[in-house]
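Visitor: For the record, the sequence lines run as chains A and B.
Positions 219 to 475 (this note's numbering) are the ones given, in order, by the first sequence.
Positions 13 to 327 (this note's numbering) are the ones given, in order, by the second sequence.
Each residue gets a CB set at the ideal place from its N, CA and C atoms; glycine is no exception.
What you are looking at is a predicted structure, and each value in this text was computed from that prediction instead of being measured.
Sharing a structure with you now.
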Amino acid sequence: MNAAGNWVALKTIAGREVHRILRIWGQTLVPPAITMTLYFVIFGKMIGGRIGAMDGFPYIDFIVPGLIMMSVIQNSYGNIVSSFFGSKFQRYVEEMLVAPTPNWVILTGYVAGAVLRGLMVGAIVLAVAMCFTSVRLHHPLITLATLLLTAVVFAFAGFINAMYARKFDDIAIVPTFVLTPLTYLGGVFYSVGLLPPFWEYVSHFNPILYMVSAFRYGLLGVSDVAIGTAMSLMLVFAILLGAFCMHLLRRGTGLRS
Amino acid sequence: MSTAALAITDLRKTYSNGVEALKGISLIVEQGDFFALLGPNGAGKSTLIGSICTLVTPSSGSIRVFGHDLATERETALGCIGVVPQELNFNQFEKPFDIVVNQAGFYGIARNEAKVRAEKYLRQLSLWDKAHTISRTLSGGMKRRLMIARAMVHEPRLLILDEPTAGVDIEIRRSMWQFVSEINRAGTTVVLTTHYLEEAEQLCRNIAIVDRGRIVENTSMRNLLSQLDRETFVLDLVAPCNSIPDSVGVHLRRIDETTLEVDVPKGTELNRLFADLTSAGIHVRSLRNKSNRLEELFLGLVERNQTAPAKGAAA
Numbered sequence: 219m220n221a222a223g224n225w226v227a228l229k230t231i232a233g234r235e236v237h238r239i240l241r242i243w244g245q246t247l248v249p250p251a252i253t254m255t256l257y258f259v260i261f262g263k264m265i266g267g268r269i270g271a272m273d274g275f276p277y278i279d280f281i282v283p284g285l286i287m288m289s290v291i292q293n294s295y296g297n298i299v300s301s302f303f304g305s306k307f308q309r310y311v312e313e314m315l316v317a318p319t320p321n322w323v324i325l326t327g328y329v330a331g332a333v334l335r336g337l338m339v340g341a342i343v344l345a346v347a348m349c350f351t352s353v354r355l356h357h358p359l360i361t362l363a364t365l366l367l368t369a370v371v372f373a374f375a376g377f378i379n380a381m382y383a384r385k386f387d388d389i390a391i392v393p394t395f396v397l398t399p400l401t402y403l404g405g406v407f408y409s410v411g412l413l414p415p416f417w418e419y420v421s422h423f424n425p426i427l428y429m430v431s432a433f434r435y436g437l438l439g440v441s442d443v444a445i446g447t448a449m450s451l452m453l454v455f456a457i458l459l460g461a462f463c464m465h466l467l468r469r470g471t472g473l474r475s
Numbered sequence: 013m014s015t016a017a018l019a020i021t022d023l024r025k026t027y028s029n030g031v032e033a034l035k036g037i038s039l040i041v042e043q044g045d046f047f048a049l050l051g052p053n054g055a056g057k058s059t060l061i062g063s064i065c066t067l068v069t070p071s072s073g074s075i076r077v078f079g080h081d082l083a084t085e086r087e088t089a090l091g092c093i094g095v096v097p098q099e100l101n102f103n104q105f106e107k108p109f110d111i112v113v114n115q116a117g118f119y120g121i122a123r124n125e126a127k128v129r130a131e132k133y134l135r136q137l138s139l140w141d142k143a144h145t146i147s148r149t150l151s152g153g154m155k156r157r158l159m160i161a162r163a164m165v166h167e168p169r170l171l172i173l174d175e176p177t178a179g180v181d182i183e184i185r186r187s188m189w190q191f192v193s194e195i196n197r198a199g200t201t202v203v204l205t206t207h208y209l210e211e212a213e214q215l216c217r218n219i220a221i222v223d224r225g226r227i228v229e230n231t232s233m234r235n236l237l238s239q240l241d242r243e244t245f246v247l248d249l250v251a252p253c254n255s256i257p258d259s260v261g262v263h264l265r266r267i268d269e270t271t272l273e274v275d276v277p278k279g280t281e282l283n284r285l286f287a288d289l290t291s292a293g294i295h296v297r298s299l300r301n302k303s304n305r306l307e308e309l310f311l312g313l314v315e316r317n318q319t320a321p322a323k324g325a326a327a
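Structure representation (structure tokens):
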């Protein structure tokens, strides 16, 4: 197909994803708002008041970037993994496979949908946070770049999960046993500087630490890691995972026999 | 001579579990043809169709669609093909109109044009009144017609129908065939697989029979039917006949008390048969040719292939 045709196909896939997100808004947009409100009430207000300052900020202000990032990670990953696996399970992924839609268009369309859901939920969580505290913006460009890169990285990761998944259990294992623990241990609720040296060192092998820290730097101006390292790592992850997604699409893993 | 709509050369497919589904299929479907691809369950038809629409990756061999090699000119070749699969494969939570418009989008057709075409094909397939209802609520026949509308929205030059009428009632089947015959007359090449052999006999001009991953027959429908050396007639009687008299010189079968079937060598004069029947006290009200001629040939060819594995293996 020519460039105009590819653009139409891309808009079709991304548009279908957005339509799906809005059609099932009760599953896609409302739960994060409720969960994050509870986090802010319990950890921010009720417990946070007794914890005191963290890295020089009230505890509720400190956890805002981590909670927004946690929502973006979970929702960009969750969107693509459930949507793409659903299309495999119901076999309507074949609609695209039998058409002349290039692989990169399929991938970009699904990733665009996942990133949009991540950003929508991020905006909702931000709105919830603003009910509890005043949100600052220390470095808008780093904030936006971190948000987008994180959403893209986890969209690619979710796509890989969906490509390999054969049953619904397979799309629940990674979020439950990998994503959630890494997120909670990635400095959402604490500064890794509070950990004993060994565990602080181990934490630096957790990629989510770099995303949360970079986003916290964007909002508050404090970070557990060097910003340059964090941004470079996210970029490298995005390129590697994107390349692997294209490799799987070319091979037809889980799609073509 | 024009380029073939579909040219398959020595296509082989061995699945990862070792099953050899295609064992060197070669096939030509000319432009404008209405081509039947028949075979028993497990013969390799779906693997063959899957290979044509790239859902199955062949182990070796080549497929050219209107001269475009599927391996090297994938996008151009796929743009020429429309597929109606055997299994339902659309999002049951979407509306028919959206499904057809989105499918056009995957072929790069702009949304405004896609909407016009979606309406055109949904109307032609009598689905327009259901265009904006959730497709899960459609009847089985409607879902099949929706898949035809979806396959037609990019106006393919080659339409592949994989058992499109399975489980569909006769009225809807007829309307589907009327639609497909019309688009064939308008120039679209059609490849059909079906288990309703009388459909293939009535609609298709050329035929290939696949069994155990090989083509066991590939000829025109007329040639194939001419291989029959016998004809079967169904006789509706004036009065009930409880036993068949021996004096009639042909093999008669009693279907029920007022219906007989008779096999006669092709070209036999029927006057003699009627004279024998009349003298035996059997009076015929009407006569019709039994329409399962293709079925007899099909079963004969498949049976022959299955009882001669050594010959098949050497082919």
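1. With DSSP run on the structure shown, which of helix, strand or coil describes A/Val-353?
2. A/Leu-403 to A/Val-420, Cα distance in whole Å?
3. Tell me the DSSP secondary structure of B/Lys-278 in three-state form.
4. Report buried or exposed for B/Thr-84, applying the criterion of at least 16 other Cβ atoms within 10 angstroms of its Cβ.
5. Tell me which same chain residues have a C-beta within less than 8 Å of the C-beta of A/Leu-413, skipping the five on either side of it?
6. What's the gap between the Cα of A/Ile-278 and the Cα of B/Arg-135?
7. Using a Cβ-Cβ cut-off of less than 9 Å, list which residues of the region 57-75 of chain B approach chain A; keep chain order.
8. Tell me, please, which residues DSSP counts as bridged to B/Thr-205.
9. Below 8 Å CB to CB, which residues in the same chain sit around A/Thr-471 once its five sequence neighbours on both sides are set aside?
10. What is the residue span of the alpha helix (DSSP H) that B/Gly-153 lies within?
11. Quick check: the region 345-358 of chain A against the region 434-443 of chain A, are there 3 or more CB pairs under 8 Å?
12. Thinking C-beta only, is B/Ile-182 closer than 7 Å to B/Gly-153?
13. Looking at the C-beta of B/Ala-122, does it have a partner C-beta in chain A at a distance below 7 Å?
14. Beta-carbon within less than 7 Å of A/Arg-309's beta-carbon, same chain only, minus the 5 sequence neighbours each way: which residues are those?
15. What residue does the beta strand (DSSP E) around B/Asn-218 start on, and which one ends it?
16. Between B/Leu-60 and B/Val-192, which are expected to be in contact by the criterion C-beta below 8 Å, what is the C-beta distance as a whole number of angstroms?
17. Work out the CA separation of B/Glu-211 and B/Thr-21 for me, nearest whole Å.
18. What is the DSSP secondary structure of B/Glu-213, reduced to helix, strand or coil?
19. Assign B/Asn-230 to one of three DSSP states: helix, strand, or coil.
20. What is the DSSP secondary structure of A/Ile-324, reduced to helix, strand or coil?
21. With a cut-off of 8 Å on the beta carbons, I'd call A/Val-343 and A/Pro-250 a contact; round off their distance for me.
22. Anything in the region 288-319 of chain A with a Cβ closer than 7 Å to a Cβ of chain B? List those residues in chain order, please.
23. From B/Thr-200 to B/Leu-215, what does the alpha carbon distance come to, in whole angstroms?
24. Comparing C-alpha positions only, which one of A/Val-299, A/Gly-340, A/Ala-345 and A/Ala-347 sits nearest to A/Leu-325?
25. For A/Ile-426 and A/Thr-401, I'd like the C-alpha separation in whole angstroms.
26. Would you call A/Lys-263 buried or exposed, if buried means 16 or more other Cβ atoms sit within 10 Å of its Cβ?
27. Can you have a look at A/Leu-367 and say buried or exposed, based on whether 16 or more other CB atoms are within 10 angstroms of its CB?
28. Would you check if there are 3 or more beta carbon pairs closer than 8 Å linking the region 84-103 of chain B to the region 144-164 of chain B?
29. Taking A/Leu-315 and B/Thr-66 to be in contact with their CB atoms under 8 Å, please state how far apart those CB atoms are, rounded to whole angstroms.
30. Look up B/His-80 in the DSSP assignment and give the residues it is bridged to.
31. Could you please give the first and the last residue of the uninterrupted beta strand (DSSP E) stretch that includes A/Phe-433?
32. What does DSSP give as the partner residues of B/Asn-53 in its beta bridges?
33. What did DSSP end up calling A/Met-314 once you bin it into helix, strand or coil?
34. Does DSSP put B/Gly-85 in a helix, in a strand, or in coil?
35. In the DSSP assignment, what residue or residues form a beta bridge with B/Arg-24?
36. What is the DSSP secondary structure of B/Arg-266, counted as helix, strand or coil?
Guide: Looking at the coordinates:
1. Note: A/Val-353 maps to coil in three-state DSSP.
2. 10 Å
3. Three-state DSSP puts B/Lys-278 in coil, outside helix and strand.
4. exposed
5. Ser-421
6. 59 Å
7. Contacts with chain A (Cβ-Cβ distance below 9 Å) from the region 57-75 of chain B involve Thr-59, Gly-62, Cys-65, Thr-66, Leu-67, Val-68 and Thr-69, listed in chain order.
8. B/Asp-174
9. Met-381 and Tyr-382
10. 152-164
11. Yes, the region 345-358 of chain A is in contact with the region 434-443 of chain A.
12. no
13. yes
14. none
15. 218-223
16. At roughly 19 Å, the Cβ-Cβ gap does not stay under 8 Å, so B/Leu-60 and B/Val-192 are not in contact.
17. 27 Å
18. helix
19. strand
20. Note: A/Ile-324 maps to helix in three-state DSSP.
21. About 6 Å separates the Cβ atoms of A/Val-343 and A/Pro-250, confirming a contact at the 8 Å cut-off.
22. With the criterion set as a beta carbon lying under 7 Å from some beta carbon of chain B, the members of the region 288-319 of chain A are Gln-308, Arg-309, Tyr-310, Glu-312, Glu-313, Met-314, Leu-315, Val-316, Ala-317, Pro-318 and Thr-319, in sequence order.
23. 14 Å
24. A/Val-299
25. 6 Å
26. exposed
27. buried
28. yes
29. 7 Å
30. BP columns for B/His-80 point to B/Val-77.
31. From DSSP, A/Phe-433 is part of no beta strand (DSSP E) but of the alpha helix (DSSP H) over 425-438.
32. Answer by DSSP bridge pairing: none, since B/Asn-53 is not bridged.
33. helix
34. Residue identity check: residue 85 of chain B is Glu in the sequence provided, not Gly. Reduced to three states, the DSSP call for B/Glu-85 is coil.
35. B/Lys-35 and B/Ser-72
36. Here DSSP, grouped into helix, strand and coil, assigns B/Arg-266 to strand.
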